[in-house]
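Scroll down for the structure; my scribbles are underneath it.
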Amino acid sequence: MIIKRQLSILLVLPVATACGLVAQGANGGASAPFLPSQKQGGVTSPSPSPQKQGVVTVAEAKQILARWDSSEKEAMRQGGTDWSAAEAGLMAEIHQAEVRLDRLQGDTPKVPQSRIVKSHFVIPRAGAGTPWFMAEFRRRDGNRRWDQVIFAKTQAGWRMVAVSASLGRIPTPARDHDGFATVLAPDDRAELVVSPQELTRTHARLLTTAGDDPRANRLILRNIFTWDADTRKLDRENLPTGWNLRRNTQPAQELYALRTTSGGALVWYGITEEDTYTARPGAPGMEFYSGSLAKPLSNGKTFREKAVYKRASMYFAVVPKSKGKVKILWSRNGFLSATGS
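Residues 1 to 341, numbered by our numbering, are exactly what the sequence shown covers, in order.
Below you can see the structure in the form of structure tokens.
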């Protein structure tokens with residue numbers, strides 16, 4: 001059976017009416033979150049403590065978004081092999097892999113060129129862990145799509161570390177009394193069906209078992225964004241005679257979660273996969289089957305002893321409160337390499 005290549009960016013239908021934003025100014029543009037006034041009766045008050053500040057101001061967030069957009073376009077102009085000026089971590093690996101696979105398959109890789117025309121920012125309070133925030137925006141291209149981008153502060157500066165996209169507004173992030181977004185710790189399961197960290201482990205089991213893990217299927221709603229679990233079953237069914245397959249599927253360090261106004265959570269997370277094929281004595285040579293994206297990555301090579309197929313994925317999910325299934329609303333998949341001897 002031949003599997004057609006899936007789109008690297010998949011879009012979702014509307015799931016809520018409005019995104020939780022920082023306070024809006026009278027002109028409709030974003031203004032600073034609800035912070036104490038700096039002036040009262042002409043007398044300057046003391047600067048707010050770090051606990052009363054966001055990880056960035058809205059003005060800074062706008063600048064970071066603009067620099068990222070410019071750096072993405074420049075990276076593609078330079079060949080799409082180095083995204084370090086715009087991205088970091090797993091997303092940079094996935095993007096580089098996308099460009100490489102596009103070219104191997106004769107496609108022309110690209111990044112959006114139209115201008116960002118609407119942007120909003122979800123900014124957590126400063127002082128807790130690695131600083132990060134979420135920007136949501138649309139482009140002037142007639143497309144109804146909303147993009148969500150997670151920016152984190154790295155040693156090299158602010159970089160994009162996770163993304164998602166939707167055709168409607170995502171569920172509303174909750175805000176505290178100062179107007180800041182409420183960040184969830186990885187192991188925080190308060191009033192949730194699963195913690196963000198356990199969600200990543202459960203999804204990893206779904207992939208490892210090729211969609212056959214009972215608990216994972218009870219927890220995660222199967223839809224077009226869980227298609228990769230089904231392709232793992234095809235990989236297993238197309239395993240050549242005389243070869244063993246060992247899977248190593250792990251949650252990535254990328255994990256970002258926000259509480260929603262309904263009591264649920266928005267979670268961006270990554271998963272890495274490494275499939276190792278090992279020949280038993282007397283086994284014939286192995287090629288990846290034509291429906292596998294490992295085929296172009298391996299250049300059709302015949303392996304005699306061992307082959308290693310590496311992949312990475314980013315997901316965006318909504319975790320419900322108390323009961324129900326987790327809904328994965330977006331995925332982006334990078335096919336990294338297929339090597340061996």
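Even for Gly, the Cβ is constructed at its ideal location relative to N, Cα and C.
The beta strand (DSSP E) runs lying completely inside the stretch 265–291 and spanning 3 residues or more are 265–279, given in chain order.
DSSP, reduced to helix, strand and coil, places residue 133 within a strand of the structure shown.
In the DSSP assignment, residue 330 is bridged to 316. Contact between residue 264 and residue 171 is confirmed by a C-beta separation of about 7 Å, below the 8 Å threshold. One thing to note: residue 270 has its Cβ within 8 Å of the Cβ of residue 313.
The continuous beta strand (DSSP E) containing residue 245 extends over residues 243–259. About 7 Å separates the Cβ atoms of residue 152 and residue 131, confirming a contact at the 8 Å cut-off. In the structure shown, residue 71 adopts helical secondary structure according to DSSP, grouped into three states. Restricting attention to 58, 61 and 98, the CA atom closest to the CA of residue 334 is found in 98. With a contact defined as Cβ atoms closer than 8 Å, residue 329 and residue 317 qualify at about 7 Å. The residue from 292, 150 and 184 with its alpha-carbon nearest to that of residue 235 is 292. Assignment of residue 219 by DSSP, reduced to helix, strand and coil, places it in the helix class. Cβ atoms of residue 160 and residue 91 come within 8 Å of each other, at about 6 Å. In chain order, 114, 115 and 117 place their CB closer than 7 Å to the CB of residue 140, counting only its own chain and leaving out the 5 sequence neighbours on each side. Here the C-alpha atom of residue 258 lies approximately 13 Å from the C-alpha atom of residue 128. Secondary structure at residue 102: helix, using DSSP grouped into helix, strand and coil. Rounded to the nearest whole angstrom, the C-alpha separation of residue 215 and residue 296 is 34 Å.
Between the alpha carbons of residue 226 and residue 199 lies a gap of roughly 13 Å. DSSP, reduced to helix, strand and coil, places residue 124 within a strand of the structure shown.
Exposed is the label assigned to residue 241, since fewer than 16 other Cβ atoms lie within 10 Å of its Cβ.
Three or more Cβ pairs closer than 8 Å define a contact, and the stretch 177–185 falls short of that threshold against the stretch 300–311. Boundaries of the beta strand (DSSP E) harbouring residue 147: 146–154, taken from the DSSP string.
Residue 110 is not bridged by DSSP to any residue. In this structure, residue 193 sits near residue 219, with a CB-CB distance shorter than 8 Å. Residue 339 is bridged by DSSP to 308. The DSSP-derived three-state label of residue 116 is strand.
Distance from the Cα of residue 68 is smallest, within the candidate group 150, 107, 94 and 142, for 150.
Between residue 146 and residue 165, the CB-CB gap stays under 8 Å.
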